[in-house]
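So the protein sequences, as listed, match chains A and B.
Residues in the first sequence are numbered from 1 upward in steps of one, following our numbering.
Residues in the second sequence are numbered from 227 upward in steps of one, following our numbering.
These notes are about the structure you will find just below.
2 protein chains.
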Amino acid sequence: MKRRDARGLTKRQAEMFGFIKRYLRGNGYPPTIREMREAFGLRSNRGVIDHLRALERKGYIRRNARSSRAIELLIDAAGTENGTADGGMVRSYPVAGRIEAGMPAPPIEDIRGAMLIDRNLFGGEGDFLLEVAGDSMTGDHIIPGDLLVVKRTSTCENGAMIVAMVDGETTVKRFHRSGKRVILRPSNAAYVPIVLEGSDIRACTIVGTVIGVIRRDVARGVPFSC
Amino acid sequence: MKRRDARGLTKRQAEMFGFIKRYLRGNGYPPTIREMREAFGLRSNRGVIDHLRALERKGYIRRNARSSRAIELLIDAAGTENGTADGGMVRSYPVAGRIEAGMPAPPIEDIRGAMLIDRNLFGGEGDFLLEVAGDSMTGDHIIPGDLLVVKRTSTCENGAMIVAMVDGETTVKRFHRSGKRVILRPSNAAYVPIVLEGSDIRACTIVGTVIGVIRRDVARGVPFSC
DNA sequence: TTGATAACTAAACATATGTTTAGTATCATT
DNA sequence: AATGATACTAAACATATGTTTAGTTATCAA
């Protein structure tokens with residue numbers, strides 16, 4: 001027999017049970033057998049059914065045979081999944097202090113608060129929000145006051161819009177690497193790109209990539225002039 | 227129109243919503259359409275579907291179309307939104323179908339779902355979200371794919387950014403009135419303003435004002451070229 | 001009176017979804 | 001070495017379940 005944990009589940013069964021729990025929390029309803037199959041990279045439904053029957057036999061779930069998604073969790077937090085203290089359909093995004101996109105600015109230390117936003121927006125990703133102060137990224141349709149949804153990463157693809165720390169200052173730019181040179185490009189022709197070479201590159205840290213934008217007070221925004 | 231309760235639900239819709247809630251609490255997963263049909267003694271699925279669409283349009287539930295039992299409750303009994311331990315911090319915004327900002331487009335009938343967003347964003351206002359398809363408002367830094375936060379109003383201030391129905395088509399423009407003339411102005415020079423005079427003005431209905439913008443998939447956005 | 005909306009019936013229709021049968025490979029125990 | 005359980009693949013198979021089209025009836029507001 002394969003190895004079981006303290007509660008009588010094998011490793012694989014525990015994984016399956018964990019997946020069902022997480023899916024349920026995120027979606028409000030249980031997964032289908034095919035969804036589980038795909039989540040585990042299996043090629044046949046039968047594998048999933050075997051696991052479900054084992055979980056049912058061991059009292060972890062109850063099923064309504066022949067009925068789609070009819071899985072009921074009987075044992076609750078027994079094996080707490082790592083870290084997911086917050087369940088539900090919304091995520092809490094900390095709001096970092098105002099930064100200058102283009103000008104010297106304070107670091108993103110000061111956390112102003114948090115915003116709850118639907119898990120389904122921004123692909124469920126993003127780690128914090130950052131308010132834009134300067135107008136160096138207007139070419140990308142990002143204007144002062146916008147809240148950027150930032151996902152923490154230490155690397156990024158070429159051309160990605162990133163939040164970076166340069167000489168201890170936070171800035172939003174497009175990232176371009178060509179050979180040994182890194183260019184942080186604003187998208188407003190009125191601003192000059194930051195070119196980093198050699199040891200200067202070490203003075204630049206990628207904080208994260210910009211994956212979303214939230215704009216408030218549009219009504220009060222500057223009207224377009226023709 | 228039939229009688230509605232304080233939160234905009236008719237008696238029957240409230241009954242249907244209540245049934246879904248009770249079923250979910252009792253079974254751990256949502257009911258199927260046929261189960262609801264039988265519970266209400268109806269003879270056709272269509273009746274249930276109509277109610278589900280109404281509940282979705284009003285932001286009470288979110289559905290995953292074509293997927294069985296895929297109903298997510300967004301608002302709980304008291305009328306406060308789900309998803310957080312301390313309820314009432316988020317609001318449910320119905321998401322209206324894609325529209326063309328500048329070109330002929332389908333009406334905003336098709337409701338795609340709903341999004342939960344912090345009450346403190348957008349000043350707690352806004353009535354629904356609308357996805358932008360055209361690029362007629364890029365001068366205001368609104369680009370295709372953006373979700374507009376729209377507040378329903380039948381009037382607006384001069385220069386406000388509005389969602390309007392013109393000849394049965396939905397459009398996003400800046401509203402300008404001068405004397406007996408109304409001009410709906412795009413903010414992209416490649417588009418022509420819509421000028422309404424005399425009886426034409428009646429063919430134009432203001433749906434609401436744009437008070438916010440949400441942009442997803444920024445990483446994939448078109449990079450700025452200098 | 002007219003038009004819009006809500007709330008349904010009726011009958012197909014399309015497919016998402018659970019199930020079965022038959023078999024393989026691995027592991028732990030006896 | 002034989003046994004039983006786990007953890008799968010492969011291919012049908014059956015049907016549960018959501019959707020559509022085309023109506024009807026009642027109610028309410030303009």
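All C-beta atoms, glycine included, are put in the ideal place defined by N, C-alpha and C.
Report the three-state DSSP secondary structure of Gly-212 (chain A) (helix, strand or coil).
As a first step, residue 212 (chain A) must be located in the first sequence, where it is residue number 212. Three-state result, Gly-212 (chain A): strand.
Report the CB separation of Arg-441 (chain B) from Asp-372 (chain B) in whole angstroms; it is logged as a contact under 8 Å.
For this step, residue 441 (chain B) is matched to residue 215 along the second sequence. For this step, residue 372 (chain B) is matched to residue 146 along the second sequence. Their Cβ separation, rounded to whole angstroms, is 5 Å, which keeps Arg-441 (chain B) and Asp-372 (chain B) in contact under 8 Å.
Measure from the alpha carbon of Ile-142 (chain A) to the alpha carbon of each residue in A:Ile-194, A:Pro-94, A:Cys-204, A:Ile-211, then state which is nearest.
Position 142 of the first sequence, counting from 1, holds the residue named residue 142 (chain A). Among A:Ile-194, A:Pro-94, A:Cys-204, A:Ile-211, the Cα nearest to that of Ile-142 (chain A) is on A:Ile-211.
Cross-chain neighbours of Tyr-160 (chain A) in chain B, by beta carbon under 8 Å
As a working mapping, residue 160 (chain A) is identified with position 160 in the first sequence. In the sequence on display, residue 160 (chain A) carries Ala and not Tyr. Residues of chain B passing the Cβ test: Ala-445.
Counting contacts by CB-CB distance shorter than 7 Å, is Ala-133 (chain A) in contact with chain B?
To locate residue 133 (chain A), count along the first sequence from 1; it is residue 133. It does not: the Cβ of Ala-133 (chain A) has no partner Cβ on chain B nearer than 7 Å.
Given this structure, state the Cα-to-Cα distance separating His-51 (chain A) from Ile-71 (chain A), to the nearest angstrom.
Position 51 of the first sequence, counting from 1, holds the residue named residue 51 (chain A). Position 71 of the first sequence, counting from 1, holds the residue named residue 71 (chain A). Cα to Cα, the separation comes out at about 13 Å.
Could you give the distance in angstroms between the alpha-carbon of Leu-129 (chain A) and the alpha-carbon of Leu-268 (chain B)?
The residue given as residue 129 (chain A) occupies position 129 in the first sequence. The residue given as residue 268 (chain B) occupies position 42 in the second sequence. Distance between the alpha carbons of Leu-129 (chain A) and Leu-268 (chain B): 48 Å.
For Lys-173 (chain A), count neighbouring Cβ atoms within 10 angstroms of its own Cβ and tell me buried if that reaches 16, exposed if not.
Locating residue 173 (chain A) in the first sequence gives position 173, counting from the first residue. Lys-173 (chain A) should be labelled buried.
Just mark Asp-443 (chain B) as buried or exposed, buried being the case when its beta carbon has 16 or more other beta carbons within 10 Å.
One-based indexing of the second sequence puts residue 443 (chain B) at position 217. Exposed.
Simplified DSSP state of Ala-445 (chain B), which is helix, strand or coil
The count along the second sequence starts at 1 and reaches residue 445 (chain B) at position 219. Ala-445 (chain B): coil per DSSP, three-state reduction.
With burial defined as no fewer than 16 other Cβ atoms inside 10 Å of the residue's Cβ, what is the status of Thr-171 (chain A): buried or exposed?
The count along the first sequence starts at 1 and reaches residue 171 (chain A) at position 171. Thr-171 (chain A) comes out buried.
For the stretch 233-246 of chain B and the stretch 189-197 of chain A, state whether three or more C-beta atom pairs, one from each stretch, are separated by less than 8 Å.
no
To the nearest angstrom, how far is it from the Cα of Ala-415 (chain B) to the Cα of Ile-201 (chain A)?
Position 189 of the second sequence, counted from the first residue, corresponds to residue 415 (chain B). Position 201 of the first sequence, counted from the first residue, corresponds to residue 201 (chain A). Roughly 40 Å separates the two Cα atoms.
If you measure between the beta carbons of Leu-121 (chain A) and Met-315 (chain B), is that distance less than 7 Å?
Counted from its first residue, the first sequence places residue 121 (chain A) at position 121. Counted from its first residue, the second sequence places residue 315 (chain B) at position 89. Their beta carbons are not under 7 Å apart, which means Leu-121 (chain A) does not touch Met-315 (chain B) by this criterion.
Measure the alpha-carbon distance for Gly-28 (chain A) versus Leu-300 (chain B) and round it to whole angstroms.
Position 28 of the first sequence holds residue 28 (chain A). Position 74 of the second sequence holds residue 300 (chain B). Each residue's Cα considered, the two are about 9 Å apart.
Return the Cβ separation of Ser-318 (chain B) and Gly-352 (chain B) in integer angstroms, given the expectation that the two are a contact with Cβ distance under 8 Å.
Taking the second sequence and counting its residues from 1, one reaches residue 318 (chain B) at position 92. Taking the second sequence and counting its residues from 1, one reaches residue 352 (chain B) at position 126. Incorrect: roughly 11 Å between the Cβ atoms, too far for contact.
Can you give me the Cβ contacts of Thr-258 (chain B) inside the same chain, cut-off strictly under 7 Å, excluding the 5 residues immediately before and after it?
Here residue 258 (chain B) corresponds to residue number 32 of the second sequence, with the count starting at 1. Only Ser-294, Arg-295 meet the Cβ criterion.
What does the Cβ neighbour count give for Ser-413 (chain B), buried or exposed, with the cut at 16 atoms within 10 Å?
Reading the second sequence from its first residue, position 187 is the one you call residue 413 (chain B). Ser-413 (chain B) comes out buried.
Cut-off 6 Å between Cβ atoms - residues of its own chain near Ala-386 (chain B), not counting five sequence neighbours on either side:
The residue you call residue 386 (chain B) lines up with position 160 of the second sequence. The answer, listed in chain order, is Phe-401, Thr-435.
Which residue marks the beginning of the beta strand (DSSP E) containing Ala-203 (chain A), and which one marks its end?
In the first sequence, the residue the question calls residue 203 (chain A) occupies position 203. Per DSSP, Ala-203 (chain A) belongs to no beta strand (DSSP E) and is neither H nor E.
So is Val-90 (chain A) in contact with chain B if we call contact Cβ pairs under 7 Å?
Locating residue 90 (chain A) in the first sequence gives position 90, where the first residue counts as 1. Yes, Val-90 (chain A) lies at the interface with chain B (some Cβ there is under 7 Å from its Cβ).
Looking only at C-alpha atoms, which of B:Ile-287, B:Glu-395, B:Arg-283 sits nearest to Phe-245 (chain B)?
Stepping through the second sequence from its first residue, residue 245 (chain B) is reached at position 19. Answer by Cα proximity: B:Ile-287.
Would you please verify whether the beta carbon of Leu-355 (chain B) is less than 7 Å from any beta carbon of chain A?
Translated into positions along the second sequence, residue 355 (chain B) becomes position 129. No, Leu-355 (chain B) does not count as interfacial toward chain A.
Classification of Ile-275 (chain B) by the beta-carbon crowding that lies within 10 angstroms, buried from 16 upward
Looking up residue 275 (chain B) in the second sequence gives position 49. Its Cβ having fewer than 16 others within 10 Å, Ile-275 (chain B) is exposed.
Can you tell me where the beta strand (DSSP E) holding Ser-173 (chain A) begins and where it ends?
Residue 173 (chain A) sits at position 173 when you count from the first residue of the first sequence. In the sequence as displayed, the identity of residue 173 (chain A) is Lys instead of Ser. Note, Lys-173 (chain A): beta strand (DSSP E), 169-178.
Option nearest Asn-384 (chain B) by Cα separation, candidates B:Arg-248, B:Asp-344, B:Leu-410, B:Arg-403
Indexing the second sequence from 1 puts residue 384 (chain B) at position 158. Looking at the Cα atoms, B:Arg-403 is the closest of the given residues.
Cβ neighbour criterion (16 or more within 10 Å) applied to Gly-179 (chain A)
As a working mapping, residue 179 (chain A) is identified with position 179 in the first sequence. Its Cβ having fewer than 16 others within 10 Å, Gly-179 (chain A) is exposed.
Would you verify that the beta carbon of Met-242 (chain B) is, or is not, closer than 7 Å to some beta carbon of chain A?
The residue you call residue 242 (chain B) lines up with position 16 of the second sequence. Not one chain A Cβ lies under 7 Å of Met-242 (chain B).
What is the DSSP secondary structure of Lys-11 (chain A), counted as helix, strand or coil?
The sequence position of residue 11 (chain A) within the first sequence is 11, counting from 1. Lys-11 (chain A) falls in the helix class under three-state DSSP.
Looking at chain B, which residues of the stretch 140-156 of chain A have a Cβ within less than 9 Å of any of its Cβ atoms?
Asp-140, His-141, Ile-142, Ile-143, Asp-146, Leu-147, Leu-148, Val-149, Lys-151, Cys-156
Go to Glu-56 (chain A), then tell me how far its alpha helix (DSSP H) extends in each direction, as first and last residue.
Residue numbering aside, residue 56 (chain A) sits at position 56 when the first sequence is read from its first letter. That run of the alpha helix (DSSP H) goes 45-57.
Assigned exposure category for Arg-34 (chain A) - 16 Cβ within 10 Å defines buried
Here residue 34 (chain A) refers to the residue found at position 34 of the first sequence. When all chains shown are included, Arg-34 (chain A) counts as exposed.
Short-range partners of chain B found in the stretch 207-218 of chain A, where Cβ spacing is below 8 Å:
Thr-209, Val-210, Ile-211, Gly-212, Val-213, Ile-214, Arg-215, Arg-216, Asp-217, Val-218
Looking only at C-alpha atoms, which of B:Ala-291, B:Glu-264, B:Met-262, B:Val-321 sits nearest to Arg-283 (chain B)?
Here the question's residue 283 (chain B) lines up with position 57 in the second sequence. The candidate whose alpha carbon is nearest that of Arg-283 (chain B) is B:Val-321.
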